[in-house]
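Taking it in order: structure first as structure tokens, then the write-up.
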Amino acid sequence: YRHDNPEFFKCKECQKVFAEQSTLSRHMITVHTPEEELNFCCDQCPKKFSRQEKLEIHRNSHVPMEERAFACDQCPNSRFATNELLKVHICARHRRAPNVCHVCAKEIRDKASFEKHVRAHFEDGAPKAKCPIENCNLWLKDEDYLRRHIRRAHTNQEKAVTCEICGGVYKNKYSLTVHKGRVHSNVVFTCEVCKKTFKRAIYLREHMTQHTGEILYNCQFCTRTFNSKANMHAHKKKMHPVEWDNLRKANKNI
Numbered sequence: 001y002r003h004d005n006p007e008f009f010k011c012k013e014c015q016k017v018f019a020e021q022s023t024l025s026r027h028m029i030t031v032h033t034p035e036e037e038l039n040f041c042c043d044q045c046p047k048k049f050s051r052q053e054k055l056e057i058h059r060n061s062h063v064p065m066e067e068r069a070f071a072c073d074q075c076p077n078s079r080f081a082t083n084e085l086l087k088v089h090i091c092a093r094h095r096r097a098p099n100v101c102h103v104c105a106k107e108i109r110d111k112a113s114f115e116k117h118v119r120a121h122f123e124d125g126a127p128k129a130k131c132p133i134e135n136c137n138l139w140l141k142d143e144d145y146l147r148r149h150i151r152r153a154h155t156n157q158e159k160a161v162t163c164e165i166c167g168g169v170y171k172n173k174y175s176l177t178v179h180k181g182r183v184h185s186n187v188v189f190t191c192e193v194c195k196k197t198f199k200r201a202i203y204l205r206e207h208m209t210q211h212t213g214e215i216l217y218n219c220q221f222c223t224r225t226f227n228s229k230a231n232m233h234a235h236k237k238k239m240h241p242v243e244w245d246n247l248r249k250a251n252k253n254i
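Residue 1 is where the sequence shown starts when you use UniProt numbering, and the numbers rise one by one after that.
Shown next as structure tokens:
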């Protein structure tokens, strides 16, 4: 089930927001696996995994950097023990595809920026302003977002654009983005490693971290590392609540 109103689906463990119940369920299984189900232990560090294949992928992260023969030509500091891991990295980090916000339909290419944008809609509760334009069911965070949306989506100042998928004509790029998110969301993104498919590019990129074993994020308050920004934020809020609160307040004042 997909929502079109403020009744969004939120993970109780890390507060990450999802557009569909099925995606939330998959997130709970892959990210928040119960401790008793983590039966595969790394013999070089304390990490545990739910499947043998995940453990084998993780073990590559323990290969010394000087022994990693495969370098990414787009970010030379990223090196890998096998060519297969390099291919996974390129697919996960450099094959860009737009992400469409399920609240305001804004198109964002960068994963981190996309996640930050979606969280911003819900930091202070559910979206508060519904677009009053007929046949537009979008909810926006506040009146400022609503005015910006109306200015971008419901004016005739922009040149009409055509959907390259179905040929439909829309009055501006914003309207075309909304159309693609609603009508063409069945486009399938396939993992080149395990062939698992996803409805959105953002879900594929999140999944890819399971194959690379890369350390993507570091807690600035301790030595913990994470492959998910959501997990890192959840860790900060739980283990470093005072520092986390001070950091958020400081960022708001910037």
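Beta carbons: idealized from backbone N, C-alpha and C, even for Gly.
Query	Result
Between the Cα of residue 180 and those of 217, 163, 116 and 194, spot the shortest distance and give me the residue it belongs to.	163
Could you tell me if residue 210 is buried or exposed, where buried requires 16 or more neighbouring beta carbons within 10 angstroms of its beta carbon?	buried
Thinking C-beta only, is residue 193 closer than 7 angstroms to residue 88?	yes
Taking residue 166 as the reference, give the member of 183, 60 and 178 with the closest Cα.	183
Grouping DSSP H, G and I as helix and E and B as strand, with all else coil, what is residue 209?	helix
Tell me which same chain residues have a C-beta within less than 6 angstroms of the C-beta of residue 243, skipping the five on either side of it?	221
Within the same chain, show all residues whose beta-carbon is closer than 7 angstroms to that of residue 176, passing over the 5 residues directly before and after it, in chain order.	161, 163 and 170
With a cut-off of 7 angstroms, does the C-beta of residue 176 fall near any C-beta of chain B?	No chain B is part of this structure, which consists of one protein chain only.
What are the start and end residues of the alpha helix (DSSP H) that includes residue 237?	229-239
Pick from 61, 145 and 37: whose alpha carbon is nearest that of residue 226?	61
If I'm right that residue 68 touches residue 80 with Cβ under 8 angstroms, what's the distance once you round it to whole angstroms?	5 angstroms
Could you check the C-alpha separation between residue 249 and residue 76 for me, to the nearest Å?	36 angstroms
To the nearest angstrom, how far is it from the Cα of residue 73 to the Cα of residue 130?	46 angstroms
Can you say whether residue 206 is buried or exposed, counting buried as having 16 or more other CB atoms within 10 angstroms of its CB?	buried
Within 10 angstroms of the Cβ of residue 32, are there 16 or more other Cβ atoms? Answer buried if so, exposed if not.	exposed
Under the rule that 16 or more other beta-carbon atoms within 10 Å means buried, what is residue 45, buried or exposed?	exposed
For my contact list, residue 231 and residue 42 are in at a C-beta cut-off of 8 angstroms; report their separation, rounded to the angstrom.	That belief does not hold up - the Cβ atoms of residue 231 and residue 42 are roughly 17 angstroms apart, past 8 angstroms.
What three-state label does DSSP hand residue 108 in the structure shown?	strand
Beta-carbon within less than 7 angstroms of residue 86's beta-carbon, same chain only, minus the 5 sequence neighbours each way: which residues are those?	70, 72 and 80
Would you call residue 115 buried or exposed, if buried means 16 or more other Cβ atoms sit within 10 Å of its Cβ?	buried
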